[in-house]
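Using the working numbering, the first residue of the sequence shown is number 339, and each one after it goes up by one. C-beta atoms are modelled at their ideal positions from N, C-alpha and C, and glycine is treated no differently. Data block below; observations after.
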Amino acid sequence: FWLKQVWLKLSSSSKLPWSLSIGMTPHGLLQLPPSLRLRIVACMCGRTRLIGLRGDLPWRLAPDLARFRELIAGGAGLIGRRSFEESLHTHPEGLPCRPLVVLTRQPERLGGATAAAGAVAAASFEEAVARVQDLAPRRAGAAPTPLWVLGGPAVYRAALPLAEALLLTVITDGFDAEAAGAGLPGAEPAYFPEGWERHFAPVPGAEPPLPRWDSASGLTFEFRDFVARP
Numbered sequence: 339f340w341l342k343q344v345w346l347k348l349s350s351s352s353k354l355p356w357s358l359s360i361g362m363t364p365h366g367l368l369q370l371p372p373s374l375r376l377r378i379v380a381c382m383c384g385r386t387r388l389i390g391l392r393g394d395l396p397w398r399l400a401p402d403l404a405r406f407r408e409l410i411a412g413g414a415g416l417i418g419r420r421s422f423e424e425s426l427h428t429h430p431e432g433l434p435c436r437p438l439v440v441l442t443r444q445p446e447r448l449g450g451a452t453a454a455a456g457a458v459a460a461a462s463f464e465e466a467v468a469r470v471q472d473l474a475p476r477r478a479g480a481a482p483t484p485l486w487v488l489g490g491p492a493v494y495r496a497a498l499p500l501a502e503a504l505l506l507t508v509i510t511d512g513f514d515a516e517a518a519g520a521g522l523p524g525a526e527p528a529y530f531p532e533g534w535e536r537h538f539a540p541v542p543g544a545e546p547p548l549p550r551w552d553s554a555s556g557l558t559f560e561f562r563d564f565v566a567r568p
């Protein structure tokens, strides 16, 4: 599986823009510890970058949900409060990543949901990374732990210049944001950050993504994978 080869190559690289203990680069960016590798996973509408609507996913795309769970299983997770609340509906069995850190300045709004989901809260991106570093299991000689960024828009935006890889599901046909009500009052549309292409390029040597069709949702989509630009 080509993704494993990419991860091995990335894991041996030292050119990530931040490292942690927690440290800062001269440009003010965090530095990850050698034991962590930051990766982003998301599903968006290709025409509009829409990723959320009314506090939920705008669609139900089973192949994307299955891939999402397969990717993040065994790694750590970082997620914003609203995306975490959304995940309680889209993934009622819980997210398969540990530790799972919920980024929020208002942990009291979550009540007992974090504990029930096996999650912990952090008030800042820096604190969240530190919590993962403290809680992630450490084994001598083990590969670095993948830290998956799971949304929403503000968390994605903070992670863009820091992540080594971006794994997108892009919906190319069968979804109309306007017809779904994205422009209506109270729709609360959420979008993947504009300008993300400045930070990522397609995986070198990878085959072009194949269009796929999901009969249950009527959506056409592609799995598109990227690595950080040098």
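- According to DSSP, F538 shares a beta bridge with A566.
- Rounded to the nearest angstrom, the gap between the Cα atoms of L433 and L485 is 13 Å.
- The Cβ atoms of T452 and V470 do not sit closer than 9 Å to each other.
- DSSP, read as helix, strand or coil, puts A468 in helix.
- Rounded to whole angstroms, the separation of the alpha carbons of R377 and L505 is 8 Å.
- As DSSP reads the structure, Q444 sits in no beta bridge.
- C-alpha of E560 to C-alpha of R375: approximately 24 Å in a straight line.
- DSSP places R420 in the helix class (H, G or I) of the three-state scheme.
- When the five nearest sequence neighbours on each side are left out, the beta carbons in the same chain lying within less than 8 Å of the beta carbon of R419 are those of V440, L441, T442, Q444, R447, L448, in order along the chain.
- The Cβ-Cβ distance between S553 and W397 does not fall below 9 Å.
- According to the DSSP assignment, D511 belongs to the beta strand (DSSP E) that extends over 503-511.
- For A528, same chain residues with a beta-carbon under 6 Å away, outside a window of 5 residues either side, are I389, G390, G490, P491 in chain order.
- Secondary structure of D402 (DSSP, three-state): helix.
- Taking C-beta atoms as the reference points, R567 and A539 count as a pair closer than 9 Å.
- In this structure, V467 places its C-beta atom within 9 Å of the C-beta atom of L370.
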